[in-house]
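Presented below is the structure to which this report refers.
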Amino acid sequence: MANKGWDEFEIGAMLRSFDGKAADVIAETHQEDRNYSASNSFTASVADWRILKPVFNKDFCIDCQFCWVYCPDMSIISRDKKMVGVDMDHCKGCGICVEVCPTNPKSLLMFDEHVDEETEIAQWPAKDEEKK
Amino acid sequence: MAFDKMELRDVEVWDGNMAASQAMRQAQIDVVAAYPITPSTPVVENYAGFLANNYVEGEFVMVESEHAAMSGCIGAAAAGGRVATATSSQGFALMVETLYQASGMRLPIVLNVVNRALAAPLNVNGDHSDMYLGRDSGWIQFDAYCPQDVYDLNLIAFKVSEDHDVRLPAMVHQDGFMTSHTAQGVSTLDDDTAYGFVGEYKPMNDMLDFDHPVTHGVQTEEDWHFEHKARQHNDLMTKVFPKIQSAFDEFEKLTGRKYNMVESYDMDDADVAVVCMGTSVETAREVATEMRSKGVKAGVVGLRVVRPFPFMEVAEALKGAKAIAALDRSSPNGAPGMLFNELAGAMYNLETRPMISGYVYGLGGRDLTKVHLTDLYNELQANVDAGKILTPLQQFIGVRGPKLSFL
């Protein structure tokens, strides 16, 4: 892509998201399996933007899908309306999923990028007492 | 809901603004986003009237500034609509930031620029400062000399701009007040013929094509930016001229009215020539005819297309002339005038290089009279008689105070 000459680009400084039609693939193909074009940002990892990462603890998840709805980068992986995990190639670590998580304790929490997930899940905080 | 056709007489008395509005109506524009500014306000005002009275089907977006007006037009054009608006002077200056977006994104938009001076000092009258300000923005620029030209060139501008090989926005320039507010007889086309000439709008890579989603206005940095700009420049320099020519030819076949990229008048055997734009062309033609009766072989070259600059045609039109005056109606602000520079550039490599002198005239609506032009032709003839340039490189026509000239 980067080595194309001036006469090889489509005019208008625009990028196509898919090779071929989008309608055929969006409805019935998981996002990681779609026919993205080389210029689609799905092919670029932004993992190195993260300072904090979300850690998902399925023991507390109620599959409300709030995190999936609110994630600005479609980085929450959901299958059959069940929360599965986080797409760590495209998560920028913004923390919105944690903010909107309604469970008690939260089923998503932000941790330092370098921490070990299993360790943190083992020490997951207990349920908060209801405030009066 | 169907719209109504407007019954036009063969010749209507229109000013330049109305001529532009009527052409916009006949092209059946989808979206007009506009902000009023003198002297171009009536263009969109008339159009809003047509829309309100069901002569057009479309959207009129009232915005809070010219920057927003052009931004709205860009969005609508990217979404796949036929789009046009109008502006002048300070409003044009406010649009400039977005003009580059429109041309870089290769969106066909027609912008009627009613030329007016740039402040300060504040001035609502005509000169070509705004036209000059837009000349590197990547837009095609047509120049109209009278309301008839405004009407015709608007229709032509849509056709050229929307061509899928071109896909570049186009401006139609007319002189503030002199053309925009002076009514003349304008030969019209009926609605169906005019729309037939412009053609149905065929979108390209539009955002509302959900089968083929695209990202418009991407960031490219040093990886691609140069290539995109090179492509745009190449298309302006090589693809636009033939498209304009074929549109002119087709328009002539339809109406009998002939347009040329460079309008030569009495240039076949001319020794002295004036090169200018806008309403001055018509005045210069009249004076040239008078000079001919006095034995001076005078001619006029008017630019019809300012960008892309028709270098070859200009050089061809002027190659027989011995002395040329380039008339710039914009404050040069520290340089010879733009027209002077471009003419010199076009003619420097000719075998017989004519003498070129630059004149600055008519700033802020100051008149250019026949007396001024007669004096000017006489100066050029004196240069020819002497066989060398006796006049300074840059002079000012009609400015008060001591004679002002440079170099």
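Here the protein sequences come in this chain order: S and H.
According to this note's numbering, the stretch in the first sequence is residues 1 to 132, in order.
According to this note's numbering, the stretch in the second sequence is residues 1001 to 1407, in order.
Note that the Cβ used here is the ideal one computed from N, Cα and C, for glycine as well.
Fair warning: this is a prediction, and the values are worked out from it, not measured in the lab.
For residue j and residue i, believed in contact at Cβ under 8 Å, the rounded distance
i, j, result
"ASN40/S", "SER75/S", "Rounded, the Cβ-Cβ distance is 15 Å, inconsistent with contact."
"VAL1166/H", "LYS1239/H", "6 Å"
"PHE1241/H", "PRO1169/H", "Wrong, their Cβ atoms sit about 17 Å apart, outside the cutoff."
"LYS1322/H", "VAL1384/H", "5 Å"
"LEU1008/H", "THR1279/H", "Going by Cβ atoms, the distance from LEU1008/H to THR1279/H rounds to 24 Å, so no, they are not a contact pair."
"LEU1368/H", "THR1283/H", "6 Å"
"LEU1111/H", "ALA1093/H", "That belief does not hold up - the Cβ atoms of LEU1111/H and ALA1093/H are roughly 13 Å apart, past 8 Å."
"MET1171/H", "PHE1142/H", "7 Å"
"ASN1115/H", "MET1131/H", "5 Å"
"ARG1304/H", "MET1237/H", "That belief does not hold up - the Cβ atoms of ARG1304/H and MET1237/H are roughly 17 Å apart, past 8 Å."
"ALA1270/H", "LYS1229/H", "The Cβ separation is near 38 Å, so there is no contact."
"VAL1274/H", "ALA1325/H", "5 Å"
Chain H residues whose Cβ lies nearer than 9 Å to that of residue i
i, result
"ARG16/S", "ASN1205, HIS1212, PRO1213, VAL1214, THR1215"
Contacting residues, own chain, Cβ-Cβ under 8 Å from residue i (five flanking each side not counted)
i, result
"MET110/S", "LEU52, LYS53, PRO54, VAL55, GLY93, GLY95, VAL98"
"TYR1361/H", "SER1280, LEU1327, ASP1328, ARG1329, LEU1368, HIS1372, PHE1396, ILE1397, GLY1398"
"VAL1013/H", "ALA1183, GLN1184, GLY1185, VAL1186"
"SER37/S", "LEU15, ARG16, SER17, PHE18, ASP19"
Within chain S, the residues that residue i reaches when beta carbons sit closer than 8 Å
i, result
"GLU1045/H", "Within chain S, no residue comes near GLU1045/H; the closest Cβ sits about 32 Å away, beyond 8 Å."
"ASN1234/H", "TRP6, ASP7"
"ARG1167/H", "ILE11, GLY12"
"ALA1230/H", "TRP6"
"MET1105/H", "GLY12, ALA13, MET14"
Proximal residues of chain S, C-beta to C-beta of residue i below 9 Å
i, result
"GLU1227/H", "LYS4, GLY5, TRP6, ASP7, GLU8, PHE9"
Interface residues of chain S facing residue i [CB-CB closer than 7 Å]
i, result
"THR1279/H", "What THR1279/H touches in chain S: nothing, since even the nearest Cβ is about 35 Å away."
"VAL1218/H", "ALA13, MET14, LEU15"
Interface partners of residue i on chain H, CB under 8 Å
i, result
"ALA22/S", "PHE1210, ASP1211, HIS1212, PRO1213"
Own chain residues within Cβ distance below 7 Å of residue i, not counting five before or after
i, result
"ALA1346/H", "PHE1311, VAL1314, ALA1315"
"CYS64/S", "PRO102"
"MET1204/H", "HIS1164, ARG1167"
"GLY1364/H", "ALA1117, ASN1123, ASN1125, ASP1127"
"ILE62/S", "THR103"
"GLN1101/H", "ILE1074, GLY1217"
"ARG50/S", "CYS91, LYS92, GLY93, GLU113"
"ASN57/S", "SER107, ILE121, TRP124"
"ALA1194/H", "GLN1026, LEU1155"
"PHE66/S", "VAL100, CYS101, PRO102"
Residue i CB to nearest heavy atom of the ligand ADP below 6 Å
i, result
"THR1188/H", "Summarising the ligand content, the structure contains no ligands, and the ligand ADP is consequently not present."
Own chain residues within Cβ distance below 6 Å of residue i, not counting five before or after
i, result
"ALA1048/H", "PHE1060"
"TYR1035/H", "VAL1063, SER1065, GLU1066, ALA1069"
"TRP70/S", "Per the sequence presented here, residue 70/S reads as Tyr, with Trp not at that position. Result list for TYR70/S: ILE96, VAL100, in chain order."
"PRO1336/H", "GLY1358, GLN1394"
"ILE1109/H", "CYS1073, ALA1077, VAL1083, ALA1102, PRO1169"
"GLN1148/H", "VAL1186"
"ILE77/S", "VAL84, GLY85, ASP87"
"VAL1150/H", "GLY1016, ALA1019, ALA1020, ALA1144, GLN1174"
"GLY1434/H", "Residue 1434/H cannot be examined here, being either before or after the span of chain H that is shown, 1001 to 1407."
"ASP1266/H", "ALA1288, GLY1299"
"ILE1029/H", "GLY1058, ARG1082, ALA1084"
"ALA1344/H", "ILE1356"
"MET1277/H", "ASP1143, LEU1303"
*Decide yes or no for the touch test of the stretch 1239-1253 of chain H against the stretch 1103-1122 of chain H: beta carbon pairs closer than 8 Å, at least 3 of them.*
Segments in contact, no.
*May I ask you to verify whether the stretch 1078-1093 of chain H touches the stretch 1050-1057 of chain H, counting CB pairs closer than 8 Å and requiring at least 3?*
Segments in contact, no.
*Curious, which full-length beta strand (DSSP E) runs of at least 3 residues does the stretch 1002-1031 of chain H contain?*
If we require 3 residues or more, the beta strand (DSSP E) runs fully inside the stretch 1002-1031 of chain H come out as 1011-1014.
*Start-end ranges of the alpha helix (DSSP H) lying completely within the stretch 24-105 of chain S, minimum 4 residues*: Counting only runs that start and end inside the stretch 24-105 of chain S, the alpha helix (DSSP H) elements of at least 4 residues fall at 66-70, 96-100.
*Output the residue ranges of the beta strand (DSSP E) runs that lie fully inside the stretch 1164-1244 of chain H and measure 3 residues or longer, sorted by chain position.*
For the stretch 1164-1244 of chain H, whole beta strand (DSSP E) runs of length 3 or above, ordered along the chain, are 1170-1175, 1184-1187.
_Cβ pair count under 8 Å reaching 3, the stretch 1140-1160 of chain H against the stretch 1013-1029 of chain H_ = Put simply, the stretch 1140-1160 of chain H touches the stretch 1013-1029 of chain H. At least three CB pairs are less than 8 Å apart.
*In chain order, which beta strand (DSSP E) runs of at least 3 residues are fully inside the stretch 1121-1146 of chain H?*
List check, beta strand (DSSP E) in window: 1140-1143.
*asked:* For the stretch 1198-1218 of chain H against the stretch 22-40 of chain S, do three or more pairs of beta-carbon atoms, one drawn from each stretch, fall closer than 8 Å, so that the two count as touching?
replied: As far as the Cβ criterion goes, the stretch 1198-1218 of chain H touches the stretch 22-40 of chain S, which means the pair count is three or higher.
*Ignoring anything shorter than 4 residues or poking outside the stretch 1301-1349 of chain H, list the alpha helix (DSSP H) runs there in chain order.*
Listed in chain order, they are 1311-1318, 1338-1347.
*asked:* Count Cβ pairs between the stretch 1373-1390 of chain H and the stretch 1354-1362 of chain H that sit closer than 8 Å; are there 3 or more?
replied: Taking 8 Å as the limit for Cβ pairs, the verdict is that the stretch 1354-1362 of chain H does touch the stretch 1373-1390 of chain H.
*Can you list the beta strand (DSSP E) stretches of 3 or more residues lying completely in the stretch 1029-1069 of chain H, in chain order?*
Annotation: the stretch 1029-1069 of chain H contains the following complete segments of the beta strand (DSSP E) (minimum length 3 residues), in chain order: 1031-1034, 1059-1062.
*At which residue ranges does the stretch 1243-1280 of chain H contain complete beta strand (DSSP E) runs of 3 or more residues, listed in the order of the chain?*
Within the stretch 1243-1280 of chain H, the runs of beta strand (DSSP E) at least 3 residues long that lie entirely inside it are, in chain order, 1262-1265, 1272-1276.
*Give, in chain order, every unbroken run of the beta strand (DSSP E) that is at least 3 residues long and sits entirely within the stretch 1073-1121 of chain H.*
The DSSP assignment places 1083-1087, 1109-1115 as complete runs of the beta strand (DSSP E) inside the stretch 1073-1121 of chain H, in order along the chain (cut-off: 3 residues).
*Which residue spans inside the stretch 1361-1396 of chain H form an unbroken alpha helix (DSSP H) run of at least 4?*
Qualifying alpha helix (DSSP H) stretches, in chain order: 1370-1386.
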